Structures are given as C-alpha cells and as structure tokens.
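Visitor:
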Amino acid sequence: MAVGPSRGSNGAGAVELSRIVDRMGGRSEAARLFPDGWVAVVRLDPLRVVWRQPSGEWAGPFPLPEERRKVDRAERLWYLRFQGEDAIEADRGGWPDTYPEMTGTVAASDGRLLIARPYSAGHPEARYLVVRRDGTVDGHLSLAPGERIVAFGRRNVYVLAKDREDVETIRAHRWNPTTR
Numbered sequence: 000m001a002v003g004p005s006r007g008s009n010g011a012g013a014v015e016l017s018r019i020v021d022r023m024g025g026r027s028e029a030a031r032l033f034p035d036g037w038v039a040v041v042r043l044d045p046l047r048v049v050w051r052q053p054s055g056e057w058a059g060p061f062p063l064p065e066e067r068r069k070v071d072r073a074e075r076l077w078y079l080r081f082q083g084e085d086a087i088e089a090d091r092g093g094w095p096d097t098y099p100e101m102t103g104t105v106a107a108s109d110g111r112l113l114i115a116r117p118y119s120a121g122h123p124e125a126r127y128l129v130v131r132r133d134g135t136v137d138g139h140l141s142l143a144p145g146e147r148i149v150a151f152g153r154r155n156v157y158v159l160a161k162d163r164e165d166v167e168t169i170r171a172h173r174w175n176p177t178t179r
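Going by numbering that gives the first Met the number 0, 21 is the number at position 22 of the sequence shown; the sequence numbering is gapless.
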C-alpha cells in the first residue's frame with residue numbers, strides 16, 4: 000500500500016517525468032477483498048464505494064467526501080523534496096492538476112475499509128478515510144509522518160514506521176472492532 004512508488008531515473012541522473020506523475024500514487028479504481036467474503040469497490044468521479052456481499056448482492060454506491068487539492072508549483076516542490084528528487088522537475092510539464100483522491104485501500108479486521116489519501120505539503124502524514132459497509136464515514140485516521148498501515152490482524156493493526164535513518168520497525172496497536 001505504498002503511497003509513493005519507488006524512485007527511478009533514466010540513467011543520466013534526470014528523473015523520468017512519467018514516473019514522477021505515477022509517483023503521486025493515484026489509483027484509478029480499486030477493489031478490496033475481505034476475509035469474510037465481502038468486496039469493497041472504490042470508484043472515482045465522484046469518489047464512492049460499492050459493497051458486494053458474499054451472497055452476491057450489491058449495496059451502494061455510497062458517496063464519500065472528496066479532496067480536490069491543486070498541484071501547484073509549491074506542492075510539486077514539496078513532493079519532489081519528499082521523494083528525494085531534483086527540484087528542477089517541478090517546472091516541467093506533465094503534472095496532474097489535482098492530487099489523486101486515493102492511493103490505495105486496506106481491509107480492516109472489523110469489516111471497515113480504509114482508503115489511503117495522498118501525502119501533500121499540508122498533510123505529510125499517512126491519512127486514511129475510514130468507511131463502514133453501510134457507507135457511513137467514521138472519519139480520518141492519521142499517523143505520524145513516516146508511518147503507514149501494512150496489515151491487520153484479528154485484534155491489532157500493524158504500522159510500519161521509518162525513522163530519519165531509514166530504519167523500519169513494525170508496531171502492533173490494538174484495533175477495536177466495531178462493525179460486522
């Protein structure tokens with residue numbers, strides 16, 4: 000569920016622009032299978048989720064709050080610094096006009112869907128929109144900068160944390176199941 004794909008260059012030290020645009024982490028649409036057989040399908044334009052029950056019945060679509068943040072020059076510069084890339088790419092063409100609505104999804108152990116929001120200058124931390132199967136939004140879950148959710152267990156959520164020296168550790172935090 001990486002919010003930004005890996006870095007890459009064209010061999011001459013200049014970052015390939017197409018990879019920068021891809022690196023903003025946007026996804027077109029996503030489907031997430033849950034262990035109990037439910038499937039969440041996240042659609043765009045407008046942002047919404049449709050649920051498929053194990054019986055084959057569909058519920059939704061349920062509209063979700065959208066975040067249409069502009070990708071201006073300041074955001075491009077921030078993003079390039081965040082990725083450790085050369086700032087000269089900020090003035091080249093090919094950047095999207097707005098940030099993507101989501102960068103991935105995670106199936107929580109209690110049946111809720113977490114939709115990852117993109118990093119930005121205003122939000123350098125991992126943020127997730129938490130959605131119940133009835134379409135109710137429980138709010139946003141924010142982590143500290145350098146942290147992201149990597150998995151759920153029966154009672155825990157596992158968070159990967161990267162420090163300033165790029166040392167990664169995984170921590171388990173209690174997850175209070177609320178939906179089924």
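Here a beta-carbon is modelled for each residue, glycine too, at the ideal position from N, C-alpha and C.
Note that this is a predicted model, so its numbers are computed, not measured.
How big is the Cα-Cα spacing for Arg91 and Asp71?
Guide: Position 92 of the sequence shown, counted from the start, is the residue given in the question as residue 91. Position 72 of the sequence shown, counted from the start, is the residue given in the question as residue 71. Cα-Cα distance, rounded: 12 angstroms.
Visitor: Count the other C-beta atoms from every protein chain shown that fall within 10 angstroms of the C-beta of Leu32, then say buried if there are 16 or more, exposed otherwise.
Guide: Counting from one through the sequence shown, the residue named residue 32 turns up at place 33. Leu32 is exposed by the Cβ-count criterion.
Visitor: Which class does Glu74 belong to by DSSP, given the choice of helix, strand or coil?
Guide: As a first step, residue 74 must be located in the sequence shown, where it is residue number 75. Glu74 falls in the helix class under three-state DSSP.
Visitor: I'd like the list of long-range same chain contacts for Pro144, defined as Cβ closer than 6 angstroms, with 5 residues on each side in sequence excluded.
Guide: Your numbering for residue 144 matches position 145 in the sequence shown. The answer, listed in chain order, is Pro123, Glu124.
Visitor: Would you mind reading off the limits of the beta strand (DSSP E) that contains Pro99?
Guide: As a position in the sequence shown, residue 99 is number 100, starting the count at 1. Where Pro99 is concerned, there is no enclosing beta strand (DSSP E), given that its DSSP letter is neither H nor E.
Visitor: On the CB-based measure, 16 or more other CB atoms within 10 Å of its CB, does Gln52 come out buried or exposed?
Guide: Locating residue 52 in the sequence shown gives position 53, counting from the first residue. With fewer than 16 Cβ atoms within 10 Å of its Cβ, Gln52 is classed as exposed.
Visitor: What is the DSSP secondary structure of Glu88, reduced to helix, strand or coil?
Guide: To locate residue 88, count along the sequence shown from 1; it is residue 89. Correct three-state label for Glu88: helix.
Visitor: Under the DSSP definition of a beta bridge, which residues are partnered with Ala150?
Guide: To locate residue 150, count along the sequence shown from 1; it is residue 151. According to DSSP, which records beta bridges pairwise, Ala150 is partnered with Tyr157.
Visitor: Examine the Cβ distances between the stretch 85-100 and the stretch 137-154 and report whether three or more of them are shorter than 8 angstroms.
Guide: Between the stretch 85-100 and the stretch 137-154 there are fewer than three C-beta pairs closer than 8 angstroms, too few to call the two in contact.
Visitor: On the DSSP bridge list, what partners appear for Pro45?
Guide: Taking the first residue of the sequence shown as 1, we reach residue 45 at position 46. Pro45 pairs with nothing; no bridge assigned.
Visitor: Just tell me which of Asp35, Glu146, Asp165 has its CA closest to the CA of Tyr118.
Guide: Position 119 of the sequence shown holds residue 118. Among Asp35, Glu146, Asp165, the Cα nearest to that of Tyr118 belongs to Glu146.
Visitor: On the DSSP bridge assignment, give the partners of Ala29 in chain order.
Guide: The residue labelled residue 29 in the question sits at position 30 within the sequence shown. Bridge partners of Ala29: Val41.
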